[in-house]
Structures are given as structure tokens and as C-alpha cells.
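Student:
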Amino acid sequence: MSSASDASRSERGRWASQSEEARPAWVADVNADERRKKYALSEEEYANKMASRVSKHLREVRLEKYAQFEDELERLTADGSASDSGEDTPRDCDGDHAEGFDLDMALFWARRRADAVRATELRSATAIEEAERESRATRAETESEALRRALSREKSLNDRLTAELEKKTKEIERLRSQLAKARLFNPERESPQREFSARYRQARNRKLEDDLPLFTQLRRSSGDTWFTRRTSRY
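Take the sequence shown: its position 55, counting from 1, is numbered 55 in UniProt numbering, and each next residue is one higher.
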């Protein structure tokens, strides 16, 4: 009985020692919180670290993307060919090392110039369109104003002619009424049919007289009274 309990106790001790060996070191570390607080980064330090990491990543991406566009001077300096040949490293006017060609900045300024040119062309085109639109609007307004003036003149002329026509119509009606009154109160006046028949008879008689001989026409002429008086005694 005692031997079985000793065996089980030794088994539990061996399992506990194995489990302690399998645990990580920080599980048994009681000062982990204090050490984390001591070595923890502040917000500003964390932001700077992330910014440097991002800038480093962007620089690596740029180098990988534009490796074929690197400046010849940078490649010679990086390869050590300039130092191996014994030549001095090129320097600028201030004595500093010459900087390589920044393709990103060149592309940036090229895009800026292209955008500026496009914006200028767009402004010019917009200004031209606005000027043409204003010109068309001014021309249309001028034409409409001229048409309104012509319409007002025509309307005034039409009103004046209408007034004159009404005046003439009233005058004609007045004269017609006077003529009707004169015909009504003057029964001795011959009718138009009788006047026409009298004129027709006179014209017919004159034509018949024209067909007579010349001597008879001279005798019948009222202007030759002397000739008639002298020839009547024979």
C-alpha cells in the first residue's frame, strides 16, 4: 500500500517537473510588468519608429522600382570603380558629394508642369467659350431689342392706319347718308337708268349725224350760223 502511494507521488513529481520545463520563461517571470513599463515606448517614440520604418520601406520600394534609372555617378560610386581607378569623387561647387538624379522629383515636377499647362489651356478654352457665349447672348439681346422696336413701330403704324380707316369709313357712311337723303327729298332728279339711256340716245344720234353728208353736217352745226343764214335765202 505504501509502495503504491510512493510510486504515485513520484509520478506526480516527475509530471510537475516536466510541465515546469515545458512552460516558457515569462510565465515564471514575476517582474515582467515592471520590465515592460520600463522599456515600453511612448506615443511619440512609437510614431517616430513607425515613420522611420515606413520611410525605409518606401526607399527600398523606390530603389527596387527605379533601379534601371539610377544615375551613372551613383552606380560608379556604389561599385567602387571610381575609388579603384584612383580618381577623386566628383564634387559640386560647394565641395559636397554630387547627388544622384531623383526620378521621383523629376516625374513630380513634370506632372506639375503638365497639369499647369492643361489648366492654362483649360482656362483659355473656358475663357474663349465664355467670351463666345457672352457675344452670342449680347447679339441675341441686340437682335431681340431691334425686333421689339420694329414691332412697336409696326404696331403704332397699324394703330394709326386703323384709326384713319375708321375715320374714312365714317366719312363714307356720312356721305352715303347725305346722298340717300338728297335722293329722297329730290324726286325730280332722274334715276341712273334714265341718265344712262339719255346719254346712250345722244351718242347714237351723234353717230347718225356723223353718217350724214358733209353739207348737212355743216348746216346742222351750231357754230356755222352765218353760213346757214347766208345759204338759206337761196
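Built from N, CA and C at the ideal position, the CB exists for glycine as well.
I'd like the span of the alpha helix (DSSP H) that includes D102, first residue to last.
Tutor: D102 -> no alpha helix (DSSP H), and no H or E assigned at all.
Student: Taking the Cβ atom as the reference point for each residue, do P53 and D104 lie within a distance shorter than 8 Å?
Tutor: Per the sequence shown, residue 53 should be read as Arg rather than Pro. No, they are not a contact pair.
Student: What did DSSP end up calling L165 once you bin it into helix, strand or coil?
Tutor: It is helical.
Student: Assuming K49 contacts L58 under a Cβ cut-off of 8 Å, what Cβ separation, rounded to an integer in Å, is found between them?
Tutor: Between L58 and K49 the Cβ distance is about 15 Å, and since that is not below 8 Å, they are no contact.
Student: In angstroms with no decimal places, state the Cα-to-Cα distance between Y39 and A51.
Tutor: Distance between the alpha carbons of Y39 and A51 is about 20 Å.
Student: How is S124 classed by DSSP in three states: helix, strand or coil?
Tutor: Correct three-state label for S124: helix.
Student: Look at the alpha carbon of T169 and the alpha carbon of A131, and state the distance between them as a whole number of angstroms.
Tutor: Distance between the alpha carbons of T169 and A131 is about 56 Å.
Student: Give me the Cα-Cα distance between D102 and R111, rounded to the nearest whole angstrom.
Tutor: Approximately 14 Å between the Cα atoms of the pair.
Student: Going by DSSP in three states, N31 sits in which element: helix, strand or coil?
Tutor: Note: N31 maps to coil in three-state DSSP.
Student: Expressed to the nearest angstrom, what Euclidean distance is found between the alpha-carbon atoms of E154 and E134?
Tutor: So the two alpha carbons sit approximately 30 Å from each other.
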